[in-house]
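*Asks:* So the sequences go chain by chain: X and D. Under numbering that gives the first Met the number 0, the first residue of the first sequence carries the number 0, and numbering increases by one thereafter. Under numbering that gives the first Met the number 0, the first residue of the second sequence carries the number 0, and numbering increases by one thereafter. Right, I'll just put the structure down here and ask away after.
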Amino acid sequence: MQETSELTPKTVSNTSKPKTENPTIRIRDLNFSYGNNQVLHDVSLDIHRCEVMAFIGPSGCGKSTLLRCLNRMNDLVDGAQITKGTIEIQGTNLHDPAVDVIELRKKVGMVFQKSNPFPKSIYQNVAYGLQIQGIRSKGKIDERVEESLRKAALWEEVKDRLNENAYGLSGGQQQRLCIARTLAVEPEIILMDEPCSALDPVATGRVEELILGLKDEYTIVVVTHNMQQAGRISDRTAFFYLGKLIECDTTKKIFINPDKKQTEDYISGKFG
Amino acid sequence: MSTYFEHNLENVKSKLLLMGQLAHEALKLSIQALLEGDSALAKTIRAKDEEIDELENELSDSVTTCLSTHAPVAADLRLLVATMKISHEIERIGDEAKAIARRSRKTATHDFHQIPQMGKIVQQMLQDALSTYAEYDEGKAKAIWTRDLEVDQLHIDNNLFCRSLVEKNPALSSSVFEILFISKSLERIGDHAVNISKEVVFMATSRDVRHAQEYKKSVLRKNLSEET
Numbered sequence: 000m001q002e003t004s005e006l007t008p009k010t011v012s013n014t015s016k017p018k019t020e021n022p023t024i025r026i027r028d029l030n031f032s033y034g035n036n037q038v039l040h041d042v043s044l045d046i047h048r049c050e051v052m053a054f055i056g057p058s059g060c061g062k063s064t065l066l067r068c069l070n071r072m073n074d075l076v077d078g079a080q081i082t083k084g085t086i087e088i089q090g091t092n093l094h095d096p097a098v099d100v101i102e103l104r105k106k107v108g109m110v111f112q113k114s115n116p117f118p119k120s121i122y123q124n125v126a127y128g129l130q131i132q133g134i135r136s137k138g139k140i141d142e143r144v145e146e147s148l149r150k151a152a153l154w155e156e157v158k159d160r161l162n163e164n165a166y167g168l169s170g171g172q173q174q175r176l177c178i179a180r181t182l183a184v185e186p187e188i189i190l191m192d193e194p195c196s197a198l199d200p201v202a203t204g205r206v207e208e209l210i211l212g213l214k215d216e217y218t219i220v221v222v223t224h225n226m227q228q229a230g231r232i233s234d235r236t237a238f239f240y241l242g243k244l245i246e247c248d249t250t251k252k253i254f255i256n257p258d259k260k261q262t263e264d265y266i267s268g269k270f271g
Numbered sequence: 000m001s002t003y004f005e006h007n008l009e010n011v012k013s014k015l016l017l018m019g020q021l022a023h024e025a026l027k028l029s030i031q032a033l034l035e036g037d038s039a040l041a042k043t044i045r046a047k048d049e050e051i052d053e054l055e056n057e058l059s060d061s062v063t064t065c066l067s068t069h070a071p072v073a074a075d076l077r078l079l080v081a082t083m084k085i086s087h088e089i090e091r092i093g094d095e096a097k098a099i100a101r102r103s104r105k106t107a108t109h110d111f112h113q114i115p116q117m118g119k120i121v122q123q124m125l126q127d128a129l130s131t132y133a134e135y136d137e138g139k140a141k142a143i144w145t146r147d148l149e150v151d152q153l154h155i156d157n158n159l160f161c162r163s164l165v166e167k168n169p170a171l172s173s174s175v176f177e178i179l180f181i182s183k184s185l186e187r188i189g190d191h192a193v194n195i196s197k198e199v200v201f202m203a204t205s206r207d208v209r210h211a212q213e214y215k216k217s218v219l220r221k222n223l224s225e226e227t
């Protein structure tokens, strides 16, 4: 992956319409298999800068697999491979031999279903990524830790106990800490795999508010089983079924008047 | 979707159709009360209007419960949103029918000019609007809009007629005003039927045509005159 970012200065965008500029993520005819089991079939999709894209669909439809393709997390799974098609991020093919996977994962951060803080202090959780990047300046790290915790809407809650163990935080706080950890290394894209599925409604609300705030600066892709959450936070929604992209449109269109009956049946809870 | 939710949606639809049926009956009786001078019918009409009001409250409660507990989307959501709006239109029709019955007792004239014809048309418009709701019939909904132009024209005729009556005999003015108000009520009922049919278009297609330029009365009138 090229280190130089082609991103222009970011602008606030609340439009729910698909953007017309070159997409940040461009997926074309993607086929993906775990061994002999093909789980994605000819998926083509564009994801634009500073939009929240929700992936929805029943379990096993391939949405998490596609999400993990976007920062090559699937490289870590035996037998997992893209059999056809391409993924480009800002014009660079993810599978170009020149791509540095570590750099890619800095640029494309990920937040998982279950919060997974390191068994370290709150401060260390956020600072860790910076330290392994080789940043030594304490002042710079302090500054970035505070900035990240503020962006993750956690600073006010933890600023007086930064040296306490992160395991002492509530589930919702731990998840926001993981988001802060992701933000610290200054990604451009954030992938979230069911980020609120283990959280109560209050914590869920905070993470959703956070996502809505972050989309001014970051491109966010969220996998969710919660239809209302997809409706609340995303600009566009993509519905997957049996490894195929069935429909992708503005979230308003998908939830008010989807084109495909399969989409309507799924979001109405008639199957899946 | 759970069977329970489907049952709730059916229940909401049935209540709306029952409200519509009651409003239709109240309208029919109010015109009968006027034309036949049967003031005793006013009591029956009032009772129907109370029933309509009660159903509107029940419907509102049912829709709120459906929205809050099932978080419906797509066609189910459109059905519930449209039903809430249509119930308000029907409630207003009930009020207009009650007003016609009340005013019919105050008028002394026996020449109602275009009112019987208006009454027939708006009854049919209401019936058709309710059918479109039951059948999700967009085409039938649009046919109602052109009929409303006819009602508007009859209302204008009534206006001219009433003016000439008052000019000839000013002593009749209070009685004539009642006729004018009744004509206005019928004209409003025509508008409510149109509003219902526009909500049906939203329900069936998700298009909001309430203020769409191509369906404004002036445009429809122009199109109609070009066709003829």
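In this text, a Cβ means the ideal position worked out from N, Cα and C, and glycines have one as well. All values derive from a computational prediction rather than experimental measurement.
(1) Put X:L6 into one of helix, strand or coil per three-state DSSP.
(2) At which residue ranges does the region 164 to 225 of chain X contain complete beta strand (DSSP E) runs of 3 or more residues, listed in the order of the chain?
(3) Are three or more beta carbon pairs between the region 150 to 165 of chain X and the region 190 to 197 of chain X nearer than 8 Å?
(4) What is the DSSP secondary structure of X:D248, reduced to helix, strand or coil?
(5) From this set, D:G36, D:A25 and D:L164, which residue's C-alpha is nearest D:A96's C-alpha?
(6) Against X:S267, what residues of chain D qualify as contacts under a CB-to-CB distance less than 8 Å, listed in chain order?
(7) Is the shortest distance between the beta-carbon of D:S67 and the beta-carbons of chain X less than 8 Å?
(8) Under three-state DSSP, which class holds X:S32?
(9) Between the C-alpha atoms of X:I253 and X:G268, what's the straight-line distance to the nearest angstrom?
(10) Taking only beta-carbon atoms, is X:Q227 less than 8 Å away from chain D?
(11) Are D:A230 and D:S29 closer than 8 Å when you measure CB to CB?
(12) Could you run through the region 15 to 49 of chain X and flag, in chain order, every residue whose CB is less than 9 Å away from some CB of chain D?
(13) Hey, could you find the ends of the beta strand (DSSP E) X:F273 is sitting in?
(14) Looking at the secondary structure, which residues open and close the beta strand (DSSP E) in which X:A53 lies?
(15) Measure the C-alpha to C-alpha separation of D:F180 and D:S103 and round it to an integer number of angstroms.
(16) Applying the criterion that 16 or more other CB atoms from any shown protein chain within 10 Å of the CB defines a buried residue, is X:E20 buried or exposed?
(17) Taking X:V221 as the reference, which of X:V201, X:R149 and X:T250 has the closest Cα?
(18) What is the DSSP secondary structure of X:G84, reduced to helix, strand or coil?
(19) Taking the Cβ atom as the reference point for each residue, do X:K214 and X:V42 lie within a distance shorter than 8 Å?
(20) Determine the extent of the beta strand (DSSP E) in which X:T236 is found, giving its start and end residues.
(21) Between D:S205 and chain X, is there a C-beta pair that is closer than 8 Å?
(22) Assign X:G276 to one of two classes, buried (16 or more other C-beta atoms within 10 Å of its C-beta) or exposed (fewer than that).
(23) Say whether the region 32 to 52 of chain D touches the region 184 to 194 of chain D, bearing in mind that this needs 3 or more beta-carbon pairs closer than 8 Å, one atom from each stretch.
(24) Does X:N115 come within less than 8 Å of chain D when only Cβ atoms are used?
(25) Under 8 Å, Cβ to Cβ, is there at least one residue of chain D near X:F254?
(26) Return the bridge partner residues of X:I24 from the DSSP annotation.
(27) Closer than 7 Å by beta-carbon distance: list the chain D residues that pair up with X:E263, in chain order.
(28) Residues of chain D with CB closer than 7 Å to the CB of X:P257, please, in chain order.
(29) DSSP three-state call for D:V208: helix, strand or coil?
(30) Out of D:T82, D:V208, D:H109 and D:L66, which one is the CA nearest neighbour of D:E177?
(31) Terminal residues of the continuous alpha helix (DSSP H) containing D:I30?
(32) Would DSSP call X:S136 helix, strand or coil?
(33) Which value, in whole angstroms, describes the spacing of the CA atoms of X:Q228 and X:I210?
(34) Could you check what DSSP says for X:V98 in three-state terms: helix, strand or coil?
(35) DSSP on D:H191, reduced to helix/strand/coil?
*Replies:* Reading from the atomic positions:
(1) On the first sequence, residue 6 of chain X is found 7 positions in, with the first residue counted as 1. In this prediction, X:L6 has a pLDDT of 31, which is less than 50 and means its spatial position is unreliable; nothing more can be read from the coordinates.
(2) 188 to 192 and 218 to 222
(3) no
(4) Walking along the first sequence from the start, residue 248 of chain X turns up at place 249. Strand, per DSSP.
(5) By 1-based counting over the second sequence, the position of residue 96 of chain D is 97. Taking only the C-alpha atoms, the option nearest D:A96 is D:A25.
(6) The residue labelled residue 267 of chain X in the question sits at position 268 within the first sequence. Chain-order list of chain D residues neighbouring X:S267: M0, P71, V72, A73, A74 and D75, by C-beta distance under 8 Å.
(7) What you label residue 67 of chain D is simply residue 68 of the second sequence in a count that begins at 1. It does not: the Cβ of D:S67 has no partner Cβ on chain X nearer than 8 Å.
(8) For the purposes of this step, residue 32 of chain X is taken as the residue at position 33 of the first sequence. Strand.
(9) As a position in the first sequence, residue 253 of chain X is number 254, starting the count at 1. As a position in the first sequence, residue 268 of chain X is number 269, starting the count at 1. Taking the straight line joining both Cα atoms gives about 14 Å.
(10) The sequence position of residue 227 of chain X within the first sequence is 228, counting from 1. At least one chain D Cβ lies under 8 Å of X:Q227.
(11) As shown, chain D starts at 0 and ends at 227. That puts residue 230 of chain D outside it, with no answer to give.
(12) Going along the region 15 to 49 of chain X in chain order, one finds no residue with a Cβ nearer than 9 Å to chain D.
(13) In the structure as shown, chain X starts at 0 and stops at 271, and residue 273 of chain X therefore has no counterpart that could be examined.
(14) On the first sequence, position 54 is the one that residue 53 of chain X refers to. Segment V51 to I55, the beta strand (DSSP E) holding X:A53.
(15) Walking along the second sequence from the start, residue 180 of chain D turns up at place 181. Walking along the second sequence from the start, residue 103 of chain D turns up at place 104. Those two C-alpha atoms are separated by around 10 Å.
(16) Looking up residue 20 of chain X in the first sequence gives position 21. Exposed: under 16 other Cβ atoms inside 10 Å.
(17) Stepping through the first sequence from its first residue, residue 221 of chain X is reached at position 222. When each option's Cα is compared against that of X:V221, the closest is X:T250.
(18) Your numbering for residue 84 of chain X matches position 85 in the first sequence. Note: X:G84 maps to strand in three-state DSSP.
(19) Start at 1 with the first residue of the first sequence, and residue 214 of chain X comes out as number 215. Start at 1 with the first residue of the first sequence, and residue 42 of chain X comes out as number 43. Taking 8 Å as the Cβ cut-off, X:K214 and X:V42 do not qualify as a contacting pair.
(20) The residue labelled residue 236 of chain X in the question sits at position 237 within the first sequence. Per DSSP, X:T236 belongs to the beta strand (DSSP E) from R235 to Y240.
(21) Translated into the one-based positions of the second sequence, residue 205 of chain D becomes position 206. By this cut-off, D:S205 is an interface position.
(22) Look at the range of chain X in this structure, 0 to 271, and you will see that residue 276 of chain X is not part of it.
(23) no
(24) Here residue 115 of chain X refers to the residue found at position 116 when the first sequence is read from its first residue. So, not an interface residue.
(25) Here residue 254 of chain X corresponds to residue number 255 of the first sequence, with the count starting at 1. By this cut-off, X:F254 is an interface position.
(26) One-based indexing of the first sequence puts residue 24 of chain X at position 25. Under DSSP, X:I24 forms a beta bridge with X:I46 and X:I88.
(27) Stepping through the first sequence from its first residue, residue 263 of chain X is reached at position 264. Within chain D, the residues near X:E263 are A73 and A74.
(28) As a first step, residue 257 of chain X must be located in the first sequence, where it is residue number 258. Within chain D, the residues placing a beta-carbon under 7 Å from that of X:P257 are A73, ordered along the chain.
(29) Locating residue 208 of chain D in the second sequence gives position 209, where the first residue counts as 1. Coil.
(30) Indexing the second sequence from 1 puts residue 177 of chain D at position 178. Considering only alpha carbons, the answer is D:H109.
(31) In the second sequence, residue 30 of chain D corresponds to position 31, counting from 1. Counting along the chain, the alpha helix (DSSP H) containing D:I30 begins and ends at T2 to E35.
(32) If you number the first sequence from 1, residue 136 of chain X lands on position 137. Looking at X:S136 - three-state DSSP - the assignment turns out to be coil, as it is neither helix nor strand.
(33) To locate residue 228 of chain X, count along the first sequence from 1; it is residue 229. To locate residue 210 of chain X, count along the first sequence from 1; it is residue 211. Those two C-alpha atoms are separated by around 11 Å.
(34) To locate residue 98 of chain X, count along the first sequence from 1; it is residue 99. Correct three-state label for X:V98: coil.
(35) The residue given as residue 191 of chain D occupies position 192 in the second sequence. Three-state DSSP puts D:H191 in a helix.
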